[in-house]
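**Student:** First to last, the sequence lines map onto chains A and B.
Counting with my numbering, you get residues 54 to 163 for the letters of the first sequence.
Counting with my numbering, you get residues 54 to 163 for the letters of the second sequence.
This is the structure I want to talk about, given as structure tokens.
2 protein chains.
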Amino acid sequence: MREERDLQIAEAAKKFTELGNPTRLSIFRLLVKAADTGLSVGEIQKELDVPGSTLSHHIQRLVNVGLVAQRRDSRTLYCEPQIMVIQELVTFLLAECCTRQTQIDPVQPD
Amino acid sequence: MREERDLQIAEAAKKFTELGNPTRLSIFRLLVKAADTGLSVGEIQKELDVPGSTLSHHIQRLVNVGLVAQRRDSRTLYCEPQIMVIQELVTFLLAECCTRQTQIDPVQPD
DNA sequence: TCGTTATTTCGAATATTCTAGAAACATGGA
DNA sequence: TCCATGTTTCTAGAATATTCGAAATAACGA
């Protein structure tokens, strides 16, 4: 139960970390703008002017944590942002808002 | 205009980075649960069992990017999560969803 | 003033991330 | 088969982040 929560924390933290790099955040935001169509790696590269190896590395990381999905069309690899994952992340962050009760010492039963 | 966007990206990325460390994410989530009352540094320490110096460092970082605010009551320093900042962050991330038009070559005027 | 409580700063070892050039691979077309 | 296109892997140096013990500071109460 505690480990499960820790796991959830670790997973969520990983996702936030991936969004925490300016290059990756730019990639993700660009993908969000084109969420309806998706964008190929090459299109992203043209738009953001990042070396291919760097771009590939960052996209890989976004894919690894589930923030981006990929679909291949022959030689071209299309990327799509997983917007639901963001929504889940925000829920995880905020859902328990103000649920904490100040602990009251339990009355000892006799 | 480009620099402004880059600045925004950089600022948002910083905030995500701060949420990307498991210890800091735990601190923030704990604060969200107690958002109505706030929590002192000491209370956080009891709950999360993190050495004081580590905790102080992480709280400082959350404060630096505006994710947490502090208010002092004599010796005790209370921390409060800035939930609006999260909402702004999500808006920044998703607001432009599907707004990108595939660029169409402009017709040359004669 | 002195001790106590609450929190921060310092310092340093260890780990992780970022970046990009060069080379490799994979797919399809001529 | 050979070439071009699209993307990834390898490698490695430089930069940042993480962690925590020890010492310092700050605020109050006796």
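Virtual Cβ for every residue (Gly too), placed ideally from N, Cα, C.
(1) At the 7 Å Cβ level, is arginine 153 of chain B part of the contact set with chain A, yes or no?
(2) Sorted by chain position, which residues of the same chain lie with C-beta nearer than 8 Å to glycine 95 of chain B's C-beta, five sequence neighbours on each side aside?
(3) In the structure shown, what three-state DSSP assignment does leucine 120 of chain B receive?
(4) Label proline 104 of chain A either buried or exposed according to how many other C-beta atoms from any shown protein chain fall within 10 Å of its C-beta, with 16 as the threshold for buried.
(5) Are the beta-carbon atoms belonging to cysteine 132 of chain B and leucine 101 of chain B less than 7 Å from one another?
(6) Does any CB atom of chain A fall closer than 7 Å to the CB of aspartate 89 of chain B?
(7) Select from A/Asp59, A/Thr144, A/Leu78 the residue whose C-alpha is nearest the C-alpha of arginine 58 of chain B.
(8) Around the Cβ of histidine 110 of chain B, are there at least 16 other Cβ atoms within 10 angstroms (buried) or fewer (exposed)?
(9) To the nearest angstrom, how far is the alpha carbon of proline 159 of chain B from that of isoleucine 80 of chain A?
(10) Using DSSP bridges, identify the partner residues of proline 75 of chain B.
(11) At 8 Å on the CB atoms, spell out the chain A contacts of arginine 114 of chain B, in chain order.
(12) Can you confirm whether proline 75 of chain B, when its beta carbon is compared against all beta carbons of chain A, has any partner nearer than 7 Å?
(13) Does the beta-carbon of threonine 70 of chain B have 16 or more other beta-carbons within 10 angstroms, so that it is buried, or is it exposed?
(14) Are there 16 or more other CB atoms within 10 angstroms of the CB of arginine 125 of chain A, so buried, or fewer, so exposed?
(15) Measure the alpha-carbon distance for alanine 88 of chain A versus glycine 119 of chain A and round it to whole angstroms.
(16) May I ask you to report which of helix, strand or coil DSSP gives serine 109 of chain B?
(17) Alanine 65 of chain A and phenylalanine 145 of chain A - do their beta-carbons sit closer together than 7 Å?
(18) Could one say the Cβ of lysine 86 of chain A lies closer than 7 Å to chain B's Cβ atoms, at least one of them?
**Tutor:** Let's see:
(1) Closer than 7 Å: yes.
(2) Thr129
(3) coil
(4) exposed
(5) no
(6) yes
(7) A/Leu78
(8) exposed
(9) Residue placement at proline 159 of chain B is poorly supported in this model, since its pLDDT is 49, which falls under 50; the coordinates still yield a value, given next. Those two C-alpha atoms are separated by around 26 Å.
(10) Proline 75 of chain B is not bridged to any residue.
(11) Per Cβ cutoff of 8 Å: no residues; arginine 114 of chain B is ~12 Å from chain A at best.
(12) yes
(13) buried
(14) exposed
(15) 15 Å
(16) helix
(17) yes
(18) yes
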